[in-house]
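With the sequence shown counted from 1, adding 605 to any position gets you the working numbering.
Following: one structure in structure tokens, then a few remarks.
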Amino acid sequence: PLLANFFLKKHHPDKELAPEALQALQEYDFPGNVRELANLVERGALLCEGKVVRVEDMFGGAPPAAKDGPPESLAEVEKRHIQRVLDYTGWDKKKAAAILGISLRSLYRKIEGYGLHRG
């Protein structure tokens, strides 16, 4: 909790982590390193509506699949999420990569691979 709050207050002093978000961070395995924690907290702070960062803001959440059709593929969910983050950052790819927790090079590959375009 201390590191998560440190990363949040460093750039977003007006925001706070919801208790459920702190709990989720404590239970998360973190296959990466402390940088992954910083990226999750930053993503949550940028995508949250209001001043409280929720679990969904940090870890994302796909909308429920339509009841009549099959669920979306992981690639479709990723494509929509990347497009949303790019639109949110005004296509600032460096910021988008940080929010997504991927390298700038990976982001460029995904943009090209998914055929994403501004607007």
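For glycine and all other residues, C-beta sits at the position ideal for the given N, C-alpha and C.
Name the DSSP bridge partner or partners of residue i?
i	result
residue 607	Residue 607 is not bridged to any residue.
residue 622	658
Under 7 Å between the Cβ atoms of residue i and residue j?
i	j	result
residue 630	residue 609	yes
residue 684	residue 713	no
residue 721	residue 688	yes
residue 656	residue 692	no
residue 607	residue 646	no
residue 694	residue 701	yes
Which term fits residue i, buried or exposed, when burial requires 16 or more other beta carbons within 10 angstroms of its beta carbon?
i	result
residue 642	buried
residue 667	Caution is warranted here: a pLDDT of 45 is assigned to residue 667, below 50, making its placement in the model unreliable, and no coordinate value can be reported.
residue 639	exposed
residue 680	exposed
residue 648	buried
Using a Cβ cut-off of 7 Å (strictly closer), state whether residue i contacts chain C.
i	result
residue 615	In the structure shown, chain C does not exist; there is a single protein chain.
Measure the beta-carbon distance from residue i to residue j and round it to whole angstroms, keeping in mind my assumption that it falls under 8 Å.
i	j	result
residue 698	residue 709	6 Å
Report yes or no: do three or more beta-carbon pairs, one from the stretch 621–629 and one from the stretch 652–668, lie closer than 8 Å? Yes, the stretch 621–629 is in contact with the stretch 652–668.
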